[in-house]
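Each remark here refers to the structure printed beneath this line.
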Amino acid sequence: MRGAERNIALYPWFKFFQNLLFWQAIWFLFLQSELSAAQAILFYAIYDVTTTVLEVPSGYFSDRWGRRKTLIASACAGFMSCALFALGEGFWVFALAQVAMGAHIALASGTDSSVLYESLAAEGRADEIEKEEVRAWRYSFLALAASAILGGLMALYGLRLSFAASAAAFGVLVLIAMQFSEPGRTGQIHGEAERLEALRKALFHPVLAWLLVLSILIYGFGHLPFVFGQPFILEVLGGSGFIAEAAVVSGVVTALMMLVSVATSWLAPEARRWLGLKSLLLLAFCIQILLAAGLAVFGNVPAVLLLLLRKVPDSLAQPFIAAQIQPILKDEMRATYISVRNLVARLAFAASLLLVSVNASEVGAMAIKEIQAILAVYAGVGVVCLAGLAMTGRSLGSGGRD
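Counting from 1, one number per residue, gives the positions in the sequence shown under the working numbering.
As structure tokens, this is what we get:
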């Protein structure tokens, strides 16, 4: 099997093992058992800072020194993180583990999808990028679904068991990354000045600029249920006295969420053909706004049921956004551009959380009504942004390609 052909075959499995995150349902419980409240706050900050600081340098590393090396480094960092959580003791060991996880995310950001597109292009199959991106997303969601419910059950026998299982999955990920071949480059860019100029042009390209704004919004609204969703689950269970059961319930809810998204991904290609790219992407964002509005209105069981829709917009948008931007970007700055986009999205969402936190209660946990008021504000801003996007982006056209 040729190198590019092997990359295409391995890519869905890379995404599968990358998303076997057995700890996703128990991370909150684990932190409560190992860290003080002050350490937990610092712990969150370490991951965010690491990912943010490394986001753009990792993209440059990928463009400059190669996709394969970057993905191997990413997989090794993920393995190191989970192994430290499984075996380590103390705040500083866990802090190092969090740094490693941030490095894993940053190094893979943009490089993984670049490997797929460049390998398809080398095989003369660049027009299959949407189909292959959707296929890879299905593998990702299936892995997240399986690991969420299994990780919640593992927590009943020991919290560290979930991290050990994830470490094993990342060990397989390292082996997969080592099987990748470096895709060929077009050689369109020579030197750093040309790279920076190409990046500047990409940021102001009409199609890419519209998709950049949409991607930033989809990132932020997609994380709202993650940030504010767990209190609804705790309220359904009867309060913080049931936090251990919340880990299992959270795992089940996450698994169902991912399965709903897998089902949506099977319908997404037909919806794209029927609606056109722009309408489909706006529909995905609209669902995110409605989800925030629904959580702002409903409580208890209806809110938890709404959380099942959290990943549906990603199934409808992310594979097609990736497929749309790849042919426009030059090989030698592709990962850098995607890293810049992801960095801006992270910073914008963090800034929005900082703004809403100013008016949040300074005493105790946030009440459900306070969370609902915050989500109502987000929903209102989302409606304004949706209207602006609908009135622009004509260059996407009814079929999506510029």
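For every residue, glycine included, the Cβ atom is placed at its ideal position computed from N, Cα and C.
Using 8 Å for Cβ pairs, my map puts G382 next to F141. What's the rounded Cβ distance? About 24 Å separates the beta carbon of G382 from that of F141, a gap too long to meet the 8 Å contact definition.
Is there contact here, the segment 165-180 with the segment 301-314, by at least three beta-carbon pairs under 8 Å? Of all C-beta pairs linking the segment 165-180 to the segment 301-314, fewer than three are shorter than 8 Å, placing the two stretches out of contact.
Nearest-angstrom Cα separation, counted from V249 out to F298: The straight-line gap from Cα to Cα measures roughly 19 Å.
Measure the C-alpha to C-alpha separation of L224 and E130 and round it to an integer number of angstroms. Computed Cα separation, rounded: 27 Å.
For P183, count neighbouring C-beta atoms within 10 Å of its own C-beta (all shown protein chains included) and say buried if the count is 16 or more, exposed if not. Buried: at least 16 other Cβ atoms inside 10 Å.
Taking A323 and S62 to be in contact with their CB atoms under 8 Å, please state how far apart those CB atoms are, rounded to whole angstroms. That belief does not hold up - the Cβ atoms of A323 and S62 are roughly 19 Å apart, past 8 Å.
Distance, L355 Cα to V260 Cα: Taking the straight line from one Cα to the other gives about 32 Å.
Taking its Cβ as the centre, do 16 or more other Cβ atoms sit within 10 Å of P319, making it buried, or is it exposed? Residue burial is scored here from C-beta neighbours: P319 has at least 16 other C-beta atoms within 10 angstroms and is therefore classed as buried.
Might you give, ordered along the chain, the residues of its own chain that have their beta carbon closer than 8 Å to the beta carbon of S113, omitting 5 neighbours on each side? Counting only Cβ-Cβ distances below 8 Å, and skipping sequence neighbours, we find E133, A322, Q326 and I338.
Examine the Cβ distances between the segment 155-174 and the segment 12-31 and report whether three or more of them are shorter than 8 Å. Three or more beta-carbon pairs drawn from the segment 155-174 and the segment 12-31 are found closer than 8 Å, and the two stretches are therefore classed as touching.
In the DSSP assignment, find the alpha helix (DSSP H) that holds M101 and state where it starts and stops. In the DSSP assignment, M101 falls within the unbroken alpha helix (DSSP H) covering F91 to A108.
Which full runs of the alpha helix (DSSP H) of 4+ residues lie inside the segment 257-331, going along the chain? Listed in chain order, they are 277-297, 300-306 and 312-325.
In terms of alpha-carbon separation, which member of L217, A100 and L144 lies closest to A387? Comparing Cα positions, the closest option is L217.
Classify S181 as helix, strand or coil using the three-state DSSP reduction. In the structure shown, S181 falls within a coil segment according to DSSP collapsed to helix, strand and coil.
Would you kindly check if the distance between the Cβ of A167 and the Cβ of G251 is under 9 Å? No, the Cβ-Cβ distance between G251 and A167 is not below 9 Å.
Report, in whole angstroms, the separation of the C-beta atoms of E55 and A100, which I expect to be a contact under 8 Å. Between E55 and A100 a beta carbon distance of about 15 Å is seen, past the 8 Å cut, so the two are scored as non-contacting.
With a threshold of 8 Å on Cβ separation, who are the neighbours of D48 within its own chain once the five nearest residues in sequence on each side are excluded? Apart from sequence neighbours up to five positions away, the residues of its chain that approach D48 with a beta-carbon distance below 8 Å are G102, R346 and A350, ordered along the chain.
What number of angstroms, rounded off, separates the C-alpha of G158 from the C-alpha of E89? G158 and E89 have their alpha carbons spaced roughly 15 Å apart.
Endpoints, alpha helix (DSSP H) assigned at Y219: First-last of the alpha helix (DSSP H) with Y219: P206 to F228.
Applying the 10 Å Cβ sphere with the 16-neighbour rule, what's the burial state of Q18? Q18 is buried by the Cβ-count criterion.
Would you kindly work out how many angstroms separate the C-alpha atoms of Q98 and T264, rounded to a whole number? Cα-Cα distance, rounded: 32 Å.
Can you say whether W210 is buried or exposed, counting buried as having 16 or more other CB atoms within 10 angstroms of its CB? Looking at its Cβ environment, which holds 16 or more other Cβ atoms inside 10 Å, W210 is buried.
Among I289, L87 and M333, which one has its Cα closest to the Cα of E192? Selected option, being the one with the closest Cα: M333.
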